[in-house]
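Chemist: Residue numbers (our numbering): 1413 to 1490.
Glycine included, every Cβ here is placed at the ideal spot set by N, Cα and C.
First the structure, which I've put down as structure tokens, then a few questions once you've had a look.
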């Protein structure tokens, strides 16, 4: 659970940086409309949490496939 939170926080930080970068390109004050910062951080945090879930599912699937391959190898060599 900690790694999921760290992933979400990391992506939220990236969202904040993206917001600052967008405001910098537009030459607007960086603290203009702080609700936009919160929205970017929330959206990117959700994306990070979603990516973490996908990564966990892929790791489980790879582990299952590795076990299946190991069973096939031991079964076919007998």
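What residue range does the alpha helix (DSSP H) around residue 1431 cover?
Modeler: Your numbering for residue 1431 matches position 19 in the chain shown. Where residue 1431 is concerned, the enclosing alpha helix (DSSP H) stretches over 1414-1437.
Chemist: Should residue 1424 be labelled buried (16 or more other beta-carbon atoms within 10 Å of its own) or exposed?
Modeler: In the chain shown, the residue the question calls residue 1424 occupies position 12. Residue 1424 comes out buried.
Chemist: Looking at the structure shown, is residue 1445 part of a helix, part of a strand, or coil, going by DSSP?
Modeler: Counted from its first residue, the chain shown places residue 1445 at position 33. Secondary structure at residue 1445: coil, using DSSP grouped into helix, strand and coil.
Chemist: For residue 1460, count neighbouring C-beta atoms within 10 Å of its own C-beta (all shown protein chains included) and say buried if the count is 16 or more, exposed if not.
Modeler: On the chain shown, residue 1460 is found 48 positions in, with the first residue counted as 1. Burial call: buried.
Chemist: Whole-angstrom Cβ separation of residue 1419 and residue 1464, contact assumed at under 8 Å?
Modeler: Here residue 1419 is taken as the residue at index 7 of the chain shown, counted from 1. Here residue 1464 is taken as the residue at index 52 of the chain shown, counted from 1. With a Cβ gap of about 4 Å, residue 1419 and residue 1464 count as contacting.
Chemist: Under the criterion of a Cβ to heavy atom distance below 7 Å, does residue 1483 qualify as lining the ligand MN?
Modeler: Inclusion of the ligand MN in the displayed structure is not the case, the ligand content being empty and no account of it being possible.
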